[in-house]
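Written out below as structure tokens is the structure these notes cover.
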Amino acid sequence: MENIRGAILMVLAMLGFAIEDMFIKQMSGGVPLGQILMSLGGGGALVFGIWAHLRGARVLGPDLWHPAILVRNGCEAVGTIGYTSAIFFSPLSTATAIAQAIPLLVTMGAALFFAEPVGWRRWSAILAGFAGVMLVVQPGGEGFVPASLFAVMGAVGLAGRDLASRRVPARVISVQLACYGFLTLVPTGLFLLAVTGDRAVIPDGTDGARLLAALGIGIFAYYAITAASRLGDVSVIAPYRYARLIFGITIGMIAFGERPDTLALAGSAVIVASGLYTFLREARLRRASQTRAAAV
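Under my numbering, the first residue of the sequence shown is numbered 1, with each subsequent residue one higher.
So, in structure tokens, the structure goes:
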């Protein structure tokens, strides 16, 4: 039963993130990206900051300056700039597909930076996944959109965030991390406004509603993915993350008239297959390790 609840929450979270992406892209013609990030960051930080306070956590305490959290926040900024820029300037389906390589990057980073054992099977899956990314990006081909490289930047940054999260002290609760992540978007948005030369605007009624909807749905999606991660078996629940690709492609086709070509669809399938294999392989190795430990 816990696995079913976790899977449902994971799918709802992925749907929420995909809808949030849609609203962000729809605002690309009227509201500067930096202003969107500042608004989402400030609103999310306020909600999760109050939540953390109610749970007795010190949001602005010394943990904010812990090296792992500083690295995490820096990677969050880089990843968010990359991914939201890809949403703004390239097809939503392309950005969503490339982002599905994040779990593969996390596995590779864990091997390179944390010396975690990764066998040849998972290395092969990682390489296959990267080949899938190349099929989606199509560098030098007719379907190549230079702005899609922002999605690669986003995937690397968000994978770094997830890796840094593994070194965050256990005393830091998840809502604190959420608050820090959203809070990071405020200076990130200011930086983007300064670099691009854009000026903040007063959104019209439609964009204002989109901004509020993106904030509310984004907060819900973050809560749902956190709750899902705490329920049931990771090997059962984690693969449902790839529902975001289905939602992203569908929304891209309906809301923006996107039509991914055959290479992009094939690349997306390779990325998902590689990620699923990595999830299942890691789960199998984890169970084998637990069995050996129990037998000792």
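C-beta atoms are modelled at their ideal positions from N, C-alpha and C, and glycine is treated no differently.
| Check | Outcome |
| --- | --- |
| Nearest residue (CA-CA) to A7, options T80, P239, R286 and A125 | P239 |
| Contacting residues, own chain, Cβ-Cβ under 6 Å from A221 (five flanking each side not counted) | A13, G16 and F17 |
| Burial state of P91 (16 or more Cβ within 10 Å) | buried |
| Among T84, G74, A115 and R281, nearest to E20 - alpha-carbon criterion | T84 |
| Exposure of L37, with buried meaning 16 or more beta-carbon neighbours within 10 Å | buried |
| Own chain partners of T147 with C-beta closer than 6 Å, once the 5 adjacent residues on each side are dropped | Note that residue 147 is Ala in the sequence shown here, rather than Thr. Cβ neighbours of A147 beyond the five flanking positions: F89 and S90. |
| Proximity of G275 and L135 at Cβ, strictly below 8 Å | no |
| Test item: CB-CB of M27 and D207 under 8 Å | yes |
| Contiguous alpha helix (DSSP H) assignments of at least 4 residues, all confined to the region 207-252 | 234-237 |
| Nearest candidate by alpha-carbon position, reference A97, set I246, Y277, A283 and G257 | I246 |
| Simplified DSSP assignment, three categories, for V172 | coil |
| Where A86 sits in the DSSP three-state scheme | helix |
| Backbone CA spacing between R121 and L280 [nearest angstrom] | 12 Å |
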